[in-house]
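Structure, as structure tokens:
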Amino acid sequence: MGGCHRHDGCYENLRHNLYSILCCGYDGDDYCCDSCEKRHRRLIIAAKIVSGILFLVGLTIFIVWLVLRPTKPTFYLRDATVSQFNLSLPDNLLNAVVQVTVASHNSNGRIGVYYDRLDVFVTYQDQQITAAAAILPFYQGHEDINVWSPYLSGTSVPVAPYLCRALQQDEAAGILLLYVKMDGSIRWKVGSWTSGHYRLEVSCLAFFSFTSSSAGVPVLQFLHGTSCSTSV
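As structure tokens, this is what we get:
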């Protein structure tokens, strides 16, 4: 029947027979021979070439990444206005409304940043006292600066008793320290290549002084802008 026979030299030993059967298959007594093995070798060579190309592309991207070495964005708290900050006793419920102005600077000359998610909120004594406000996703180009001024509010937020005492002590001292925090997800863009997601965490210290209004009601006044700590 068609196919190869041992006296033709197609299969030199049992190992070669098994290799041909596994790689080429068989139909009855017929085995695939040279054409199948050549085709298989060509597939192996093609796979090696593709793997080599992918490796070179990956290596090139990695080298470019090392050379450019993206610098994390810098954030700055420019302003903050507290329009409400009331603690109701004995329920220990806090009502707060704060508007903040935050600027972000991408100092990279050749790397852009995709902000896929960015939530802003306020904390006092490590407790979140406002709901998170979501900044719409955006792209920050090379050396661009973006500024946001979201309103952050918390209504009847339960606070621990120690926070009530801390707030009373701060009011007596005339100074209040709040933190404006951001939690988000970013991606780096180098040319046509975009990285995976990285978590972004930002913390901005906001200094306020207690002053009295004409009606004798305590008012919180923002003292000065501050640089923020950033973690990627």
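Here my numbering is used: position 228 in the sequence shown is 239, and no number is missing along the way.
Glycine is no exception: its CB is placed at the ideal position from the N, C-alpha and C atoms.
Item, Value
"Where Val230 falls: helix, strand or coil (DSSP)", "strand"
"Nearest candidate by alpha-carbon position, reference Tyr126, set Gly63, Phe132, Trp199", "Trp199"
"Asp130 (DSSP reduced to helix, strand or coil)", "strand"
"For Ser1, three-class secondary structure by DSSP", "This structure gives no information on residue 1, because the portion of the chain shown stretches from 12 to 243."
"Rounded straight-line distance, which links the Cα of Ser214 to that of Trp204", "29 Å"
"Local conformation of Lys83 per DSSP, three classes", "coil"
"Nearest to Tyr162 (by Cα), restricted to the options Ile146, Gly63, Leu211, Gly236", "Ile146"
"Residues that DSSP places opposite Glu154 in a beta bridge", "Answer is none; Glu154 lacks a bridge partner."
"Boundaries (first-last residue) of the alpha helix (DSSP H) holding Asp181", "172-184"
"Rounded separation between Phe219 and Pro169 - CA only", "22 Å"
"Same chain, Cβ closer than 7 Å to Ala177, neighbours up to 5 away in sequence not counted", "Gln136"
"Cβ separation of Phe86 and Ala114, assumed to be a contact under 8 Å, to the nearest whole Å", "7 Å"
"Same chain, Cβ closer than 6 Å to Arg128, neighbours up to 5 away in sequence not counted", "Gly195, Ser196"
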